[in-house]
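By the UniProt record's numbering, the letter at position 178 of the sequence shown is numbered 178, and the numbering carries on one by one without gaps.
By construction, the Cβ of each residue, glycine as well, lies at the ideal position given by its N, Cα and C atoms.
What follows is a short report on a single structure.
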Amino acid sequence: MIIVGAYLIKNNDIRISTFVMFLVIGSRIFDPLVKAIGNIAEIRYSAVAGKRILKFLDLPIMEGTTDVNYGPKKDIVFKDVNFKYLNDQKSTSTKPNRDYDLKDINITMKQGTMTALVGPSGSGKTTILKLASKFYDVDSGKITFAGEDISKIDPEFYMKNISIVFQDVYLFQDTIANNIKFGREDATKEEIVEAAKKACAHEFISSLPNGYDTMVGEGGCTLSGGEKQRISIARAILKNSPIVLLDEATSSLDPENEVEVQKAISELIAGRTVIVISHHLKTVKEADNIVVLDEGCIAEQGTHEQLMNNNGVYKRLWDIQDKYNGWTMN
């Protein structure tokens, strides 16, 4: 604009005073225009988000019977389960064009035992955890809890029986105490503190200026990954559910935090039915049943000793990890 103005002044096509006036007016108009353009983009983003919310609200409410005759053994059983994500759902498969995400899945997760899900990325581990959590319904086959098809179980009752610790922990913009209390809203202060102690979180919480009344910020932004993970475990301990689902709970932690979180997990899973996802095979070596997944199918399953003797996928993964864990720089 300045270059054009200089050219016009030089050729006597415009007076300097007129040019200065346009500069002043232009500067006043420019900022509001930029803000307006930014607002248009935000409105479009909001419209897309609004459509997603409306689509979510239009989903049918999950229903189940409240008078189910639950058996004494609260095993979780996958029987001939097949599943594929819809186009607008998030698939973890590394081969999105295949006609299934899980195929012919048969697993018995006995009450009071640990079942480990291992395998390459995109093999279906997280999908099994989501199906066990009743986040999705199977396409065919069935999943039973205590002998009853989970599609017939009252969702509220079922979720009371499950505690989930995700890899990516989300904390609400509230106090630490209320974030732990989210596991059981009628918990007392003493019960919250006891759960935090078992989760190896009491010490760092007590060192904060306001202790358990410290605000954590949206998503827990004021805390480290290890601290958020321990609060999440404290929440699960407080809930005291008979089934615990762990999704790579220590994968993104430094060694010091990983030790603390492993201690907390040991306290959490004691005497419970546990389903755990892990890429670190040594952390699940003692599992009662290790399910090895590959491209949405079960390649093999059994104890560590059985799988090592099979010389299959598990032994190959174990040998690879063992080789790199022993790597040193000379």
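Check your understanding: How should LYS51 be labelled, buried or exposed, when 16 other C-beta atoms within 10 angstroms of its C-beta is the threshold for buried?
Key -> Translated into positions along the sequence shown, residue 51 becomes position 51. LYS51 should be labelled exposed.
Exercise for review: Quick one: measure Cβ to Cβ for SER180 and ARG235, integer angstroms, because I've assumed they're closer than 8 Å.
Suggested key: Translated into positions along the sequence shown, residue 180 becomes position 180. Translated into positions along the sequence shown, residue 235 becomes position 235. In the sequence as presented, Ser is not what sits at residue 180; that position holds Ile. Yes, ILE180 and ARG235 are in contact; Cβ-Cβ is about 5 Å, under 8 Å.
Check your understanding: What residues in its chain sit with their C-beta under 6 Å from that of THR66, if we drop five residues either side in the sequence?
Key -> The residue given as residue 66 occupies position 66 in the sequence shown. Note on THR66: pLDDT 49, under 50, position unreliable in the model; no value is reported.
Review point. Beta-carbon separation of VAL291 and ILE143 under 9 Å?
Key: Within the sequence shown, numbered from 1, the residue matching residue 291 stands at position 291. Within the sequence shown, numbered from 1, the residue matching residue 143 stands at position 143. Contact flag unset, no.
Exercise for review: Identify every run of the alpha helix (DSSP H) within the region 77-155, keeping only runs that are complete inside it and at least 4 residues long; order them along the chain.
Suggested key: 125-132
Check your understanding: Would you say the region 102-115 touches the region 283-290, given that touching needs at least three Cβ pairs under 8 Å?
Key -> yes
Point to revise | Cα-Cα separation between ASP31 and THR222, rounded to whole angstroms | key: As a first step, residue 31 is located in the sequence shown; it is residue number 31 there, counting from the start. As a first step, residue 222 is located in the sequence shown; it is residue number 222 there, counting from the start. If I take the Cα positions, the gap works out to 34 Å.
**Study point:** Proximity below 9 Å, CB of GLY141 to CB of LYS79
**Key:** On the sequence shown, residue 141 is found 141 positions in, with the first residue counted as 1. On the sequence shown, residue 79 is found 79 positions in, with the first residue counted as 1. Yes.
Point to revise | Euclidean distance between Cα positions of LYS84 and ALA132 | key: One-based indexing of the sequence shown puts residue 84 at position 84. One-based indexing of the sequence shown puts residue 132 at position 132. Taking the straight line from one Cα to the other gives about 15 Å.
Point to revise | Start-to-end residues for the alpha helix (DSSP H) that takes in residue 344 | key: The structure shown has nothing for residue 344, since the chain only spans 1 to 330.
Review point. Smallest Cα separation from GLY226: which of ILE320, ILE205, ARG44, GLU305?
Key: One-based indexing of the sequence shown puts residue 226 at position 226. Comparing Cα-Cα distances from GLY226 to each of ILE320, ILE205, ARG44, GLU305, the minimum goes to ILE205.
Exercise for review: Measure how close the beta-carbons of TYR212 and ILE192 come, nearest whole angstrom, since I'm counting them as under 8 Å.
Suggested key: Taking the first residue of the sequence shown as position 1, residue 212 is located at position 212. Taking the first residue of the sequence shown as position 1, residue 192 is located at position 192. With a Cβ gap of about 7 Å, TYR212 and ILE192 count as contacting.
Practice item. Tell me VAL244's beta-bridge partners as DSSP assigns them. Key: Stepping through the sequence shown from its first residue, residue 244 is reached at position 244. VAL244 is bridged to SER163, VAL274.
Point to revise | N-terminal and C-terminal residue of the alpha helix (DSSP H) that LEU293 is part of | key: As a first step, residue 293 must be located in the sequence shown, where it is residue number 293. Where LEU293 is concerned, there is no enclosing alpha helix (DSSP H), although the beta strand (DSSP E) it sits in stretches over 289-294.
Review point. Are SER121 and ASP137 close, meaning C-beta to C-beta below 9 Å?
Key: In the sequence shown, the residue the question calls residue 121 occupies position 121. In the sequence shown, the residue the question calls residue 137 occupies position 137. Result no, Cβ atoms of SER121 and ASP137 do not sit closer than 9 Å.
**Study point:** Cα-Cα separation between GLU185 and LEU33, rounded to whole angstroms
**Key:** Working through the sequence shown from its first residue, we reach residue 185 at position 185. Working through the sequence shown from its first residue, we reach residue 33 at position 33. Those two C-alpha atoms are separated by around 49 Å.
Review point. What span of residues does the beta strand (DSSP E) with GLU300 cover, start to end?
Key: Translated into positions along the sequence shown, residue 300 becomes position 300. Here the beta strand (DSSP E) through GLU300 covers 297-302.
Check your understanding: Which of the three DSSP states, helix, strand or coil, is assigned to LYS315?
Key -> Here residue 315 refers to the residue found at position 315 of the sequence shown. Of the three classes helix, strand and coil, the one that applies to LYS315 here is helix, per DSSP.
**Study point:** Beta-carbon gap between GLY119 and GLN173 smaller than 9 Å
**Key:** Within the sequence shown, numbered from 1, the residue matching residue 119 stands at position 119. Within the sequence shown, numbered from 1, the residue matching residue 173 stands at position 173. No, the pair does not count as a contact, with Cβ atoms beyond the cut-off.
Review point. So, helix, strand or coil for THR283, using DSSP?
Key: Taking the first residue of the sequence shown as 1, we reach residue 283 at position 283. Helix at THR283.
Practice item. Could you tell me the boundaries of the alpha helix (DSSP H) in which VAL193 lies? Key: Within the sequence shown, the letter at position 193 stands for residue 193. Start and end: 189-198.
Review point. From which residue to which residue does the alpha helix (DSSP H) around PHE204 run?
Key: Residue mapping note: residue 204 aligns to position 204 of the sequence shown, counting from 1. From DSSP, the alpha helix (DSSP H) with PHE204 extends over 202-206.
Exercise for review: Measure from the alpha carbon of ILE320 to the alpha carbon of each residue in ASP58, HIS279, ILE176, THR115, then state which is nearest.
Suggested key: Numbered from 1 along the sequence shown, position 320 holds the residue referred to as residue 320. Cα-wise, what sits closest to ILE320 is HIS279.
Review point. Measuring CA to CA, which of ILE176, LYS263, LYS160, ALA264 is closest to PRO242?
Key: Here the question's residue 242 lines up with position 242 in the sequence shown. It is LYS160.
Exercise for review: Name the residue from TRP318, ALA299, GLU295 whose alpha carbon lies nearest to the alpha carbon of GLU305.
Suggested key: Mapped onto the sequence shown, residue 305 falls at position 305. Nearest C-alpha to GLU305: TRP318.
Practice item. Output yes or no for whether 9 Å exceeds the beta carbon distance between THR273 and ASP139. Key: Residue mapping note: residue 273 aligns to position 273 of the sequence shown, counting from 1. Residue mapping note: residue 139 aligns to position 139 of the sequence shown, counting from 1. Not in contact: THR273 and ASP139 (Cβ atoms no closer than 9 Å).
Check your understanding: Can you give the Cα-Cα distance for PRO41 and ALA49, rounded to whole angstroms?
Key -> Residue 41 sits at position 41 when you count from the first residue of the sequence shown. Residue 49 sits at position 49 when you count from the first residue of the sequence shown. The residue you asked about is not Pro; residue 41 is Ala in the sequence shown. Computed Cα separation, rounded: 12 Å.
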